[in-house]
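Beneath this line is the structure, given in structure tokens, with notes to follow.
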Amino acid sequence: NTWLDKGFELTDSLLAWCKANHMYLILDLHAAPGGQGNDLNIADRDTTYPSLWASEENQKKTIALWKKLAERYVNEPWIGAYDLINEPNFGFTDPVNDKHGTKEPKNEPLTKLLKEITAAIREVDQKHMIIIEGNGWGNNYNGMLPPWDKNMVLSFHKYWNFNTDKEIKRMLDAREQYNVPVWLGETGENSNVWFTEAITLLERHNIGWAWWPAKKMGISNPLEIPANHNFMQVANFFNGTGKQPKESDVYSGIIEAAVYSKLENCIFHPDVIDAMFRQVKSNKAIPFKSNTLGKNTIIQAVDYDLGRQGSAYYDRDTANYHVSGQPGRGNRGNTYRNDGVDITKDSSHYEQYYISDIEDGEWLQYTVSAASAKKYKLRISYGAMEKRATIDVLINNKLVAENVYLPATGGMKKWKSIDLNNFVISSGDRIRIKIDRGGFNLKQLEFISAD
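Residue numbers 2 to 452, in our numbering, belong to the letters of the sequence shown in order.
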């Protein structure tokens, strides 16, 4: 076997970062030689060459690689475990109707290879945990158990399904039957509502988890890599929605994306972190930004409170559960925040956003602070095409303005404002805008001191 030293050097560098910050590093073979499944992007599989399962040489290379890694890291305490093959998804007995192996009855080729990898690792490393994943993207363990190693973990992956005990019952049953740890090795790619639900479910059952990913383009991550025009031209071309870009644009787009992927260039999403940690333990809403009222204070509509659905806001479509048969999504505008609330970027103003796709019954809450109790006039900026929109205003759940009509403005992005009577507002008050009848966009709230 021959090796590219650069790959080991990069892994060493990553391990050094982890050790310096007291973080465990789990090695996960995300792309096995030849590709481990029919979901091609997982392993960048090229179907013009034999897959992992169609090539004995690819399997030998996989075994040899894991033995080489185990030899290298046998005495490294900050290597947490070896995750042998990421998301196998291959139909062995019915490749036509069960392309991804979700219904595979025995999983014999997968089990055989995993046992051979384990044996090779144990020749040189008796210390580190072995993590295995079932077929069907990690979830089908038919025919694969009982475990064959005393230091083994069963991993599963979870995406776009309901966050109920039923969805993880097979893993709970396996843990109980075989007295073996289970771990959710990959999940994410959804809304904040789904994140809080999922983590609450997992931690109630004492199941550890790892999130996918820390950073990428889009809002469903703690860190968002900003997109650039040339890179999006490349992506659109490969997705069949755009023309082939110039070679110079391809190069500059990819290099720019690489530069933007640096931590200091990413967009931090505090709402994602809040959903993953604080909201799991608390249903309290807190301010998204410091909304301190002065003589004249503007709060952007998109800066509603941080918190759970039903505490900080209410939206009628909050998450994607399509695997469980309930399609949906969170933020339809896919920008700024990752809650159920729909947000659109204002193309006519740099880095300005507004609430869009507003439906009947939805609401938004804004917690404010003030030096003392004062009277304020509330000015609401909005855009509406039709003559139907009405709202209520509540302070600390008490109705202070009912059935307020928002006249049509001549367009959904033609902003006009309406003034409401003076309200006494104190520090810590929760201002709630409740939509009786939607069909408008909401831009900002302006608090004007009446004193």
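All residues carry an ideal CB built from backbone N, CA and C; glycine is no exception. Since the structure is predicted, the reported quantities are computational estimates derived from the model, not experimental observations.
### Message
Tell me the residue span of the alpha helix (DSSP H) that contains Leu66.
### Response
57–74
### Message
Is there a C-beta anywhere in chain D that falls below 8 Å from the one on Arg73?
### Response
No chain D appears in the structure shown, which is made up of a single protein chain.
### Task
Taking all protein chains shown into account, decide if Phe91 is buried (16 or more other Cβ within 10 angstroms of its Cβ) or exposed.
buried
### Query
Which residue's Cα is closest to the Cα of Leu1: Gln60, Trp79, Glu124, Val125?
Here the chain has residues from 2 to 452 only, and residue 1 is not among them.
### Message
I'd like to know whether the C-beta atoms of Ala71 and Ile122 end up nearer to each other than 8 Å.
### Response
yes
### Task
Measuring alpha carbon to alpha carbon, tell me which of Gln37, Asn76, Glu57, Ile80 ends up nearest Leu16.
Ile80
### Buried versus exposed, by CB contacts within 10 Å (16 or more), His101
buried
### Message
Could you compute how far the alpha carbon of Thr63 sits from the alpha carbon of Ser349?
### Response
Near 53 Å, if we compare the C-alpha coordinates of Ser349 and Thr63.
### Element boundaries [alpha helix (DSSP H), containing His158]
No alpha helix (DSSP H) holds His158; the beta strand (DSSP E) holding it covers 153–159.
### Message
Quick check on the DSSP output: the beta strand (DSSP E) that includes Gly384 runs from which residue to which?
### Response
Unbroken beta strand (DSSP E) run through Gly384: 375–385.
### Query
Roughly how far, in whole angstroms, is the beta-carbon of Ile436 from the beta-carbon of Ile381, given that I think they are within contact range, below 8 Å?
So it is not a contact: roughly 12 Å between Cβ atoms.
### Task
Can you grab the Cα-Cα spacing for the pair Phe93 / Ile132, in whole Å?
22 Å
### Query
From which residue to which residue does the beta strand (DSSP E) around Phe448 run?
441–450
### Message
At the level of alpha carbons, what is the spacing between Glu190 and Arg338?
### Response
14 Å
### Query
Which value, in whole angstroms, describes the spacing of the CA atoms of Trp138 and Asn222?
Taking the straight line joining both Cα atoms gives about 21 Å.
### Task
For Leu111, I'd like the list of residues in its chain whose CB is within less than 6 Å of its CB, leaving aside the five on either flank, ordered along the chain.
Pro89, Asn136
### Task
Use the C-beta contact count for Phe448: other C-beta atoms within 10 angstroms, 16 or more gives buried, fewer gives exposed.
With 16 or more other Cβ atoms within 10 Å, it is buried.
### Reduced DSSP category for Ser249 - H, G, I as helix; E, B as strand; rest coil
helix
### Query
Whose C-beta lies closer than 7 Å to the C-beta of Trp161 among residues of the same chain, with five residues either side of it excluded?
Asn191, Asn321, Tyr322, His323, Val324
### Task
Check whether the Cβ atoms of Ile300 and Ser262 lie closer than 8 Å to each other.
no
### Among Tyr355, Lys414, Ile419, nearest to Tyr406 - alpha-carbon criterion
Ile419
### Task
Give the DSSP-derived three-state secondary structure of Val394 in the structure shown.
Of the three classes helix, strand and coil, the one that applies to Val394 here is strand, per DSSP.
### Message
I'd like to check one pair, Asp393 with Ala402: are the Cβ atoms closer than 8 Å?
### Response
Taking 8 Å as the cut-off, the Cβ atoms of Ala402 and Asp393 count as close.
### Query
So, using beta-carbon positions, are Thr201 and Val281 closer together than 8 Å?
yes
### Query
Straight-line CA distance for Gln245 to Phe238?
Their Cα atoms are separated by approximately 6 Å.
### Query
Which residues does DSSP pair with Phe269 in a beta bridge?
Leu224
### Query
Among Trp149, Phe441, Asp430, which residue has its Cα nearest to the Cα of Gly412?
Phe441
### Task
Consult DSSP for Gly38 and reduce its assignment to one of helix, strand or coil.
strand
#### Entry: Segment contact flag, the stretch 172–179 with the stretch 242–260, C-beta cutoff 8 Å, min 3 pairs
Judged by Cβ distances under 8 Å, the stretch 172–179 makes no contact with the stretch 242–260, as fewer than three pairs qualify.
### Query
For Lys399, which residues of its own chain have a beta-carbon under 8 Å away from its beta-carbon, when the five flanking residues on both sides are left out?
none
### Message
Could you compute how far the alpha carbon of Asn423 sits from the alpha carbon of Asp318?
### Response
33 Å
### Task
Express the C-alpha separation of Glu109 and His31 in angstroms, rounding to a whole number.
Distance between the alpha carbons of His31 and Glu109: 20 Å.
### Message
Just verifying my parser: in three-state terms, what is the DSSP assignment at Asn2?
### Response
coil
### Query
Rounded to the nearest angstrom, how far is the Cβ of Asn332 from that of Asp347, given a contact under 8 Å?
No, Asn332 and Asp347 are not in contact; Cβ-Cβ is about 15 Å, not under 8 Å.
### Message
One question on the structure: do Tyr354 and Val303 come within less than 8 Å of each other, judged by their Cβ atoms?
### Response
yes
### Query
Would you call the stretch 290–300 and the stretch 247–258 touching, i.e. three or more CB-CB distances under 8 Å?
no
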